[in-house]
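Let me begin by presenting the structure, written as structure tokens, before commenting on it.
In our numbering, the protein residues as written are 57 to 295.
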């Protein structure tokens, strides 16, 4: 019990240190510009060693994108965790709605100074593109793994859904730069997300429903001797 408590305390201390470094770095970046602040200056302002900063944030850019891990993985994790009978598109649409309602920091609709800092830095914009590319790749890998299809279809579906995520982020970013109130920005995001997912619905609205349901089917509970098919007759690996 004592060992477990000590581990929890260490984990909490690490999280607090990480958050402190991120907050201090963001404040310095917004005051002076991303390119005008060094890691050593961030460490000094946060009262930690330079190595502590780089241990938590190997890339300087991730001091700005301190939620980089969530940005990379949330599409794939949402797809993997969806309920039987739920399409990939529907799972991501619901998850996005929840993030808007929770005012999630990974939406891009943060304060205008942060958004302006990102948009004015080619380095940060490049890192943002990289994070979105990684999110798409992880989603494609998840869809390929669960469908057993190593062809182009999972990649194509992932590309379309990741494009929605990417475009919505930049939609929020632009409105933040313009100084729009965050509540109004979030309202606009919710409306735009519905429009975007509706555009994809006719093409991929059913993708992932059948093979996901088949994965959760239990013997003796309506399982089929034939491979499950979609409404248009395609095998799961073909949809």
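Ideal Cβ positions, reconstructed from N, Cα and C, are used throughout, including at glycine.
For residue i, count neighbouring C-beta atoms within 10 Å of its own C-beta (all shown protein chains included) and say buried if the count is 16 or more, exposed if not.
i           : result
residue 119 : buried
residue 107 : exposed
residue 266 : buried
residue 98  : buried
residue 103 : exposed
residue 231 : buried
residue 191 : buried
residue 148 : buried
residue 252 : buried
Report the three-state DSSP secondary structure of residue i (helix, strand or coil).
i           : result
residue 154 : helix
residue 63  : helix
residue 247 : helix
residue 263 : coil
residue 240 : helix
residue 234 : coil
residue 222 : helix
According to the Cβ coordinates, are residue i and residue j closer than 8 Å?
i           : j           : result
residue 153 : residue 246 : yes
residue 235 : residue 177 : no
residue 263 : residue 145 : yes
residue 138 : residue 242 : no
Write down every uninterrupted run of the alpha helix (DSSP H) in the stretch 82-128 whose length is 4 residues or greater and which is fully enclosed by it, in chain order. 95-102, 106-112
Cβ contact (3+ pairs, closer than 8 Å) linking the stretch 122-132 and the stretch 191-205: Touching, yes, given that three or more Cβ pairs across the two stretches are closer than 8 Å.
Report yes or no: do the stretch 83-90 and the stretch 59-72 share at least 3 C-beta pairs separated by less than 8 Å? Because the criterion of three Cβ pairs below 8 Å is not met, the stretch 83-90 and the stretch 59-72 do not touch.
As an exercise, report each continuous alpha helix (DSSP H) stretch of at least 4 residues that is fully enclosed by the stretch 126-207, in chain order. 144-157, 168-175, 178-203
Contact between the stretch 216-223 and the stretch 169-183 is defined here as three or more beta-carbon pairs at a separation below 8 Å; is this criterion met? no
Cβ pair count under 8 Å reaching 3, the stretch 217-237 against the stretch 155-166: Result yes; three or more Cβ-Cβ pairs closer than 8 Å.
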